[in-house]
Amino acid sequence: MRGGQRLRATDIAVPADFSSAAFFIVAASIVPGSEVVLRAVGLNPRRTGLLAALRLMGANIDEENHAEHGGEPVADLRVRYAPLRGAQIPEALVPDMIDEFPALFVAAAAASGQTVVTGAAELRVKESDRLAAMATGLRTLGVQVDETPDGATIHGGSIGSG
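Residues in the sequence shown are numbered from 0 upward in steps of one, following numbering that gives the first Met the number 0.
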């Protein structure tokens with residue numbers, strides 16, 4: 000952009016925020032019979048680690064109608080229920096889903112088996128100790144969570160009420 004230019008009206012397509020879509024993605028993944036289509040979701044690869052983690056857990060997520068909006072990759076996400084199973088979440092995914100860990104923890108609680116997260120110590124020193132807060136929330140629902148300095152093991156399949 001150079002100064003001294005005349006302003007002109009233009010249409011700009013703004014991608015749907017991935018973090019805002021995260022809980023809808025998880026909800027559709029864990030509620031039997033669900034199918035949700037989220038339109039024009041921003042799919043910047045540095046923001047979509049949750050998709051890779053959920054796919055490791057068996058999620059049924061299809062990307063359709065790939066495009067670019069405002070210089071960002073977007074696609075419609077079609078998410079269908081699938082029984083999730085626990086997984087070891089690769090540390091390489093952690094930076095690409097740092098804001099979506101609450102959604103991941105909900106998915107892990109609903110999954111069968113254990114989900115292990117490591118390499119996420121940053122979550123303890125952000126605005127608050129987010130690992131402890133998420134673990135406490137799941138424990139309130141009857142889920143066993145074993146915290147570690149840099150992550151947690153979530154023992155899934157036991158979401159109850161509290």
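By construction, the Cβ of each residue, glycine as well, lies at the ideal position given by its N, Cα and C atoms.
- Setting aside the 5 residues that flank it on each side, Arg38 is surrounded in the same chain by Asp75, each with a C-beta closer than 6 Å to its C-beta; the list follows chain order.
- For Leu6, the secondary structure class from DSSP, reduced to helix, strand or coil, is coil.
- Across the set Ser33, Ala66, Ala58, Met56, the C-alpha of Ala66 shows the shortest separation from the C-alpha of Ala15.
- At the C-beta level, Gly57 and Leu83 come within 8 Å of one another.
- With a minimum length of 4 residues, the unbroken runs of alpha helix (DSSP H) contained wholly in the segment 88-137 fall at 100-109.
- Between the beta-carbon of Leu53 and that of Ser28 there is about 6 Å, and that keeps the pair under the 8 Å contact cut.
- With three or more CB-CB distances shorter than 8 Å, the segment 104-121 counts as touching the segment 135-145.
- Of the other Cβ atoms in all chains shown, fewer than 16 fall within 10 Å of the Cβ of Leu6; this residue is therefore exposed.
- Taking the CA atoms as reference points, Thr117 sits about 5 Å from Gly150.
- The DSSP-derived three-state label of Ile11 is coil.
- By the 16-neighbour rule on beta-carbons within 10 angstroms, Thr147 is exposed.
- Closest in alpha carbon position to Leu55, among Ala119, Gln113, Val35, Ala86, is Ala86.
- Per the coordinates, the alpha-carbon of His68 lies some 21 Å from the alpha-carbon of Val78.
- A check of alpha carbon separations from Thr47 across Arg1, Gly70, Asp98, Ala81 identifies Asp98 as the nearest.
- Rounded to the nearest whole angstrom, the C-alpha separation of Ala8 and Ala26 is 39 Å.
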